[in-house]
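Peer 1: Mind having a look at this structure? Questions to follow.
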Amino acid sequence: MASSLLTYPPFSLSLTSTSAPRSSVPLAASPSASISTSQRKPRRKKQQNQQNDLKSSDDNGYSGSLEGSFTPSNAEKLLRLVFMEELMGRARNGSVLGVSDVIYDMIAAGLTPGPRSFHGLVVAHVLNRDEEGAMHALKRELSEGLRPLHETFVSLIRLFGSKGHATRGLEILAAMEKLNYDIRQAWLLLVEELVKGRHLEDANRVFLKGAEGGLRATDELYDLLIEEDCKVGDHSNALTIAYEMEAAGRMATTSHFNCLLSVQATCGIPEVAFSTFENMEYGEAYMKPDTETYNWVIQAYTRAESYDRVQDVAELLGMMVEDYKRLQPNVRTYALLVECFTKYCVTREAIRHFRGLKNYEGGTKILHNDGQYGDPLSLYLRALCREGRIVELLDALETMAKDNQQIPPRAMILSRKYRTLVSSWLEPLQEEADIGQEVDYMSRYIAEGGLTGERKRWVPRRGKTPLDPDADGFIYSNPMETSFKQRCLEEVKIYHRKLLRMLWNEGPSVLGNVSESDYIRVEERLKKIIKGPETSSLKPKAASKMIVSELKEELEAQGLPTDGTRNVLYQRVQKARRINRSRGRPLWVPPVEEEEEEVDEELDELISRIKLQEGNTEFWRRRFLGEDLNENHSKPLEVKDYDILDATDDADVGDDVGDDVGDGIVKETEDDEVDEDEEVEQTEIQVGDRVKDKEAETTKPLQMIGVQLLKDSDQRSGSSRKSKRRSSRVSMDNDDDDDWFPEDIHEAFKELRNRKVFDVSDMYTIADAWGWTWEKDFKNKAPRRWSQEWEVELAIKLMTKVIELGGIPTIGDCAMVLRAAIRAPMPSAFLQILQTTHNLGYVFGSPLYDEIISMCLDLGELDASIAIVADLETSGIKVPDETLDRVISARQANDSPVNGSSL
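End of the sequence shown sits at 903 in the UniProt record's numbering; the numbers just go up one at a time, nothing left out.
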């Protein structure tokens, strides 16, 4: 790199000390006194002749002119050394006046200042960052007829570069070149100083001008310029410099490509980034993609605004997993994957990768990204709430607490029913909470901006554009949430569907030593759970056929008057139904009591013997090698059995994208869906084809994972699923075709191993590749059945955690949680919910307080009612006298001797 400002040529003395020893040079304070009077006159005369003839001399006595030279005496050398040490000492301190004084003393002593003396003067100005003074000193030196030192020009280059004066720096370089100096080092220094001073445009111009002139930069400068250009988004100059680097003989490496990708990932056209990625993927070893490369390309696809890119990200993810022996994901990889799958509503995959993200300290802070790019953390939290995944939501909040990440305000935006993620997953959904007091709708209308025209309308967006729940303003057109109860039921169905598939695959042996009747009972039990209860839509009874009591019941349920004759009641019911139909409301039907499900402990014990093997690569590897096979796997499935599986396959489509990427990753499900475009055309023909396909499959034994992998590899060449099915039917009809495959499972595996379609070592999952030790537990764990008590416990935990993280639940949230506890009923939770509500500054209406106190008394929870009354009194809330009388009477009755107490 460039020399120091005070570096001297090899023949000069070292200036590490600021003064010479006093013993070697007597009377150093007055240099002229060291020369006798008899010696001074001829010496001075000789020096005057020199000045007239040569006009300049070197500080060590060497001539700076081309007209002649002389050999100085030892005494003059010592005297000049004393002056130079003093001059350079003051130059290092940046004392311009001190340097000038020494120069004047030299002249008074009969010594002529040379290039090194003026170098010290220029350096003093440079250290003071006085460019005008430095140039004045240089012009003064040139006017004396001296040739400036290389170091003098370098010091000026450093000054002009740090101040961003690229043009003056180029002028200095031109002057150096005119004096036949090597300008490469000064050019490198000028570019480096311009970059450090954030003058990138000038730095690029100077660099390219030098490169065109044949100057070669250092590796460090190439890297610095490319990196800094990419940081400010100057892709054009960065690419030009990369071309210059390759033309100079140094090829671009992974780090250079990553710099370019950092710009391409933010341009909104991910195809550009992917083309760069492909060049790296198929290039030499020194340019292979690393983790950051994948991160940039995933970011490009995730934040593109064009269309759904989740499939592109899944393919990238598969390539990354296949290369797991060379690279592993980092915290940014997981954060980007969570952002991607959340944005494209693949919530299952987002949850899987969030479990990997939470193992890194500060992972949620990276996911939040200071609220940029739509605030991915808020989107993830709201997606979990929208799908009723409250257990995972609590896990996310606990991870945020560990990272000291406060809950973002966007995650707490209200729904149009004035509920947040604290309660919008509680049934009843899409209803405003009953807070026990009348709502002043006029004041709410004014607060929402109704008088100023700023109030948004409660209508969804019209047209072909789908509703975007994550756009600003979604508060007034929020999506329909899935309740926690619905989510639990779906999880139970999905789990039992997997059990049924496992039962069919393994046969009766998976249940142990059981009879065929037990096997059939277990099978029918699983089918019944998967099918679920009958959900036939109930229709209201015709009003003309309803008796008076039924008419009154329907009117009373809708808050309508029930007085009058039957004819009046009949007309009132008919009018109410017409109004509901015109407003798109569901018609009222009498409530139906749900039949309690019978519990068969023996069947449940048999079902518990079925162990899922999802993610168990060793199990499937042994199966592929033909080990642990039994003869009961080949039970043919009926068409209705397929329908049972297909009915719930869509709910588990995301289980999971990560398992379906890469040729070497185990696939667990078949895709029998039809493209939407094909469904529009020739629907009847397609339905018939699908039924024929299923009937054909019933004649074959159920195939294992290896056979399915072979089928998938053969069918990838087809252009559509429909053409794939046609080709499969043709191959079945033609046994002499090359795609012939044995139906016997033992022979099938043997044939598959002989063909060597893939090696056994290629059978791995994303959990194996990335070390997800938790994956098997989550996949094979039986889901917990829903209960109202569990829902209330989770609601209280969630509300408490949200408050700890800086979120503020609404009064509607508190009321909904309290209503859930009333439905349970859980009197023990009433007091905690009320205390939390009052601490937030909310007060319910007296009817709601009366209701919960009365419920406690009716359930015999006297202590709970007393504690609630005490909390109300402490909070300054007036309790009606009638309620107090009931509590006191109950307390007295409880304390009477009849009840076994004398107190």
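We treat Cβ as the ideally placed atom computed from N, Cα and C, and that holds for glycine.
1. How about P847 and G436: do their beta carbons lie closer than 8 Å?
2. Just to confirm before moving on: does the CB-CB distance between V802 and V338 stay below 8 Å?
3. Can you tell me the Cβ-Cβ gap for R487 and I530, rounded? I've got them flagged as a contact below 8 Å.
4. Please confirm whether D223 and G164 have their CB atoms less than 8 Å apart.
5. Quick check: what's the CA-CA separation for W774 versus T333?
6. By the three-class DSSP mapping on this structure, what secondary structure does Y104 have?
7. At the level of alpha carbons, what is the spacing between I866 and G388?
8. Give me the Cβ distance between D813 and T420, rounded to the nearest whole Å; I'm assuming they're in contact under 8 Å.
9. Determine the direct distance from the alpha carbon of K231 to that of T253, and round the result to whole angstroms.
10. Could you compute how far the alpha carbon of L625 sits from the alpha carbon of N754?
11. Evaluate K779 with the Cβ neighbour count: other Cβ atoms within 10 Å of its Cβ, from every protein chain shown; 16 or more gives buried, anything less gives exposed.
12. Given that a residue counts as buried once 16 or more other Cβ atoms are within 10 Å of its Cβ, and exposed if not, what is E861?
13. By Cβ distance, which residues of its chain are closer than 7 Å to R382, with the 5 residues on each side in sequence left out?
14. From V843 to I446, what does the alpha carbon distance come to, in whole angstroms?
15. Return yes when the Cβ of T293 is within less than 8 Å of the Cβ of L261, no when it is not.
16. Could you give the distance in angstroms between the alpha-carbon of Q406 and the alpha-carbon of I822?
17. I'd like the list of long-range same chain contacts for I888, defined as Cβ closer than 8 Å, with 5 residues on each side in sequence excluded.
18. Check whether the region 572-588 and the region 547-555 are in contact - that is, three or more C-beta pairs closer than 8 Å.
19. Would you call the region 179-194 and the region 212-226 touching, i.e. three or more CB-CB distances under 8 Å?
20. Could you tell me the alpha carbon to alpha carbon distance between M480 and I390, rounded to whole angstroms?
21. Quick one: what does DSSP say C345 is sitting in, helix, strand or coil?
22. Roughly how far, in whole angstroms, is the beta-carbon of T617 from the beta-carbon of T765, given that I think they are within contact range, below 8 Å?
23. Relative to the alpha-carbon of R581, which residue among P540, L87, H368 has its alpha-carbon at the smallest distance?
24. Over the uninterrupted alpha helix (DSSP H) stretch that includes I172, give me the two end residues.
25. Mapping DSSP to helix, strand and coil, what is S424?
26. Figure out for me which residue from Y282, S306, D308 has the closest Cα to the Cα of M319.
27. Are the beta-carbon atoms belonging to P376 and L367 less than 8 Å from one another?
28. Once you ignore the five residues that flank R572 on each side, which residues in its own chain have a CB closer than 7 Å to its CB?
29. Is it right to say Y380 is buried, meaning 16 or more other beta carbons lie within 10 angstroms of its own, or is it exposed?
30. For V195 versus E228, is the C-beta distance shorter than 8 Å?
31. What distance in whole Å lies between the Cβ atoms of L394 and L798, which are believed to be in contact at a cut-off of 8 Å?
32. Can you tell me which of the three DSSP states D885 falls into?
33. Just tell me which of I579, V206, D600, L831 has its CA closest to the CA of N237.
34. Rounded to the nearest angstrom, how far is the Cβ of L149 from that of P115, given a contact under 8 Å?
35. Just the Cα atoms here: how many angstroms apart are A829 and A396?
36. Could you check what DSSP says for F844 in three-state terms: helix, strand or coil?
Peer 2: A quick look at the data gives this:
1. A contact, by the Cβ cut-off of 8 Å.
2. No Cβ-Cβ contact shorter than 8 Å links V802 with V338.
3. Rounded, the Cβ-Cβ distance is 16 Å, inconsistent with contact.
4. With a cutoff of 8 Å on beta-carbon distance, D223 and G164 are scored as not near each other.
5. Approximately 18 Å between the Cα atoms of the pair.
6. Residue state, collapsed to three classes: helix.
7. Going from the Cα of I866 to the Cα of G388 covers about 35 Å.
8. Separation of the CB atoms of D813 and T420 is rounded to 6 Å, and the pair is thereby assigned contact status at 8 Å.
9. In this model, T253 and K231 are separated by some 18 Å (Cα to Cα).
10. In a straight line, the C-alpha of L625 is about 11 Å away from that of N754.
11. Counting Cβ neighbours within 10 Å, K779 comes out buried, since at least 16 surround it.
12. Using a 10 angstroms sphere on the CB of E861, the tally of other CB atoms reaches 16 or more, which defines it as buried.
13. The residues are A411, L421.
14. V843 and I446 have their C-alpha atoms roughly 22 Å apart.
15. For L261 and T293, yes; Cβs fall inside 8 Å.
16. I822 has its alpha-carbon roughly 31 Å from the corresponding atom of Q406.
17. Cβ neighbours of I888 beyond the five flanking positions: none.
18. Contact between the region 572-588 and the region 547-555 is present, because at least three Cβ pairs lie under 8 Å.
19. These segments touch.
20. Roughly 16 Å separates the two Cα atoms.
21. Coil at C345, not helix or strand.
22. Sure, about 6 Å apart at Cβ, within 8 Å.
23. Looking at the Cα atoms, P540 is the closest of the given residues.
24. In this chain, the alpha helix (DSSP H) harbouring I172 covers 166-178.
25. When secondary structure is reduced to three states using DSSP, S424 falls in the coil class, being assigned neither helix nor strand.
26. Nearest in C-alpha terms to M319, of all of Y282, S306, D308, is Y282.
27. Yes. Within cutoff.
28. Apart from the 5 residues on each side of it in sequence, R572 sits with its Cβ closer than 7 Å to the Cβ of L555, L560 in its chain, given in chain order.
29. Under this definition Y380 is a buried residue.
30. Yes, Cβ-Cβ distance for V195 and E228 is below 8 Å.
31. Correct: roughly 6 Å between the Cβ atoms.
32. In the three-state DSSP reduction, D885 falls in the helix class (H, G or I).
33. Of I579, V206, D600, L831, the residue nearest in Cα terms is V206.
34. About 5 Å; that satisfies the 8 Å criterion.
35. So the two alpha carbons sit approximately 24 Å from each other.
36. Under the three-state reduction of DSSP output, F844 falls in the coil class, being neither helix nor strand.
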